[in-house]
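A.B. asks: Before I ask anything, let me first share the structure, which is written out below as structure tokens.
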Amino acid sequence: MDEAAPLAVFQHEEPELPFEGLLAVTDACLGVNGRPQSASGQTTILTGINAPAMIGYHKQGFPNQALLDIIRAHSIFRQLSEAGIKPVAFANTYTKRFFANRPRWISATTAAVEAAGGRFNIIEDLKAGHALYHDFTNAMLIEHGEEVPLRAPEEAGEILSGIAAANRFALYEYFITDKIGHAQDREAARTVLPQLSRMIRSLLGNLDLKSSTVILTSDHGNIEDLSLRNHT
Numbered sequence: 009m010d011e012a013a014p015l016a017v018f019q020h021e022e023p024e025l026p027f028e029g030l031l032a033v034t035d036a037c038l039g040v041n042g043r044p045q046s047a048s049g050q051t052t053i054l055t056g057i058n059a060p061a062m063i064g065y066h067k068q069g070f071p072n073q074a075l076l077d078i079i080r081a082h083s084i085f086r087q088l089s090e091a092g093i094k095p096v097a098f099a100n101t102y103t104k105r106f107f108a109n110r111p112r113w114i115s116a117t118t119a120a121v122e123a124a125g126g127r128f129n130i131i132e133d134l135k136a137g138h139a140l141y142h143d144f145t146n147a148m149l150i151e152h153g154e155e156v157p158l159r160a161p162e163e164a165g166e167i168l169s170g171i172a173a174a175n176r177f178a179l180y181e182y183f184i185t186d187k188i189g190h191a192q193d194r195e196a197a198r199t200v201l202p203q204l205s206r207m208i209r210s211l212l213g214n215l216d217l218k219s220s221t222v223i224l225t226s227d228h229g230n231i232e233d234l235s236l237r238n239h240t
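Under our numbering, residue 240 is the last one in the sequence shown; the count climbs by one each step, no gaps.
Rendered as structure tokens:
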């Protein structure tokens, strides 16, 4: 492995996927100059609208008013609700801190769920096996004093497969890899990427893929090349 970029191993590759999966090569820039960013990329994924093209640039961090307007009008959760497709679920867990001190800026996924009046999972849902934290092992929650079980990636994948099977549509958001990429933390990457792989393999192995479709996508690249702090 090149120590300058120990994870830059996927460039120009189209690997064979398990379970007869299909790989679609995408360009996160979406036809707009500049580096792809979180808010506009997530808005695109959650609405089907080319958000960078709509606003004319890539928006980092949390969505601004222009992006929020797009999300509130075209959120996939709202589209499904208006089409009568239910039940649907946002599988992530929120802590009491979010509701007690709601941040001024909210994520695109939070806005997408709210656009349809959707329900947010809380810690009790996680304990019951009906939701996952963005750190699906729960290690971060435990560090912050939450009394929740430490979960193996395989258990988390099984839980997510159950959520998917119980709903017509389910969304799970994972962004630890983005934080690791910005920090250029090689040791964390070597720990987290195998965990993520194990969780995804468990999800696919526990889900009936004859009746379910799994889409794994991202708003931009980052962790695959730790020689860079920026998005790719």
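Just so you know, even glycine gets a beta-carbon here, dropped at the ideal spot from N, CA and C.
Ignore the nearest five residues each way along the sequence and tell me which others in L15's own chain have a CB closer than 7 Å to its CB.
C.D. replies: Here residue 15 corresponds to residue number 7 of the sequence shown, with the count starting at 1. Residue confidence is low: L15 scores 46 on pLDDT, short of 50, so the model does not pin down where it sits. No coordinate-derived value is stated.
A.B. asks: Would you tell me roughly how many angstroms separate the C-alpha atoms of N214 and G126, rounded to the nearest one?
C.D. replies: For this step, residue 214 is matched to residue 206 along the sequence shown. For this step, residue 126 is matched to residue 118 along the sequence shown. Taking the straight line joining both Cα atoms gives about 26 Å.
A.B. asks: Measuring only the C-alpha atoms, how far is Q252 from Q87?
C.D. replies: Lying outside 9 to 240, the shown extent of the chain, residue 252 is not represented and no answer is given.
A.B. asks: Under 7 Å Cβ to Cβ from L54, same chain only, skipping five residues before and after it: list those, please.
C.D. replies: Here residue 54 is taken as the residue at index 46 of the sequence shown, counted from 1. If we look at L54 and ignore the five residues flanking it on each side, its Cβ neighbours are I79, S83, I84, A116, T117 and A120.
A.B. asks: Buried or exposed, going by whether 16 or more other CB atoms sit within 10 Å of the CB of A91?
C.D. replies: Position 83 of the sequence shown holds residue 91. Answer is exposed; the Cβ neighbour count stays below 16.
A.B. asks: DSSP three-state label for N41, please.
C.D. replies: Translated into positions along the sequence shown, residue 41 becomes position 33. Note: N41 maps to coil in three-state DSSP.
A.B. asks: From D227 to L134, what distance separates their C-alpha atoms?
C.D. replies: For the purposes of this step, residue 227 is taken as residue 219 along the sequence shown, with counting starting at 1. For the purposes of this step, residue 134 is taken as residue 126 along the sequence shown, with counting starting at 1. Whole-angstrom Cα-Cα distance: 26 Å.
A.B. asks: Would you say the segment 39-47 touches the segment 58-70, given that touching needs at least three Cβ pairs under 8 Å?
C.D. replies: Taking 8 Å as the limit for Cβ pairs, the verdict is that the segment 58-70 does touch the segment 39-47.
A.B. asks: Are the CB atoms of T185 and A164 nearer to each other than 9 Å?
C.D. replies: Residue mapping note: residue 185 aligns to position 177 of the sequence shown, counting from 1. Residue mapping note: residue 164 aligns to position 156 of the sequence shown, counting from 1. Result no, Cβ atoms of T185 and A164 do not sit closer than 9 Å.
A.B. asks: Looking at S89: is its Cβ nearer than 9 Å to the Cβ of A139?
C.D. replies: Reading the sequence shown from its first residue, position 81 is the one you call residue 89. Reading the sequence shown from its first residue, position 131 is the one you call residue 139. Going by C-beta atoms, S89 is not nearer than 9 Å to A139.
A.B. asks: If you compare alpha carbons, which of E28, I223, T101 and R194 is closest to N129?
C.D. replies: Working through the sequence shown from its first residue, we reach residue 129 at position 121. Among E28, I223, T101 and R194, the Cα nearest to that of N129 is on T101.
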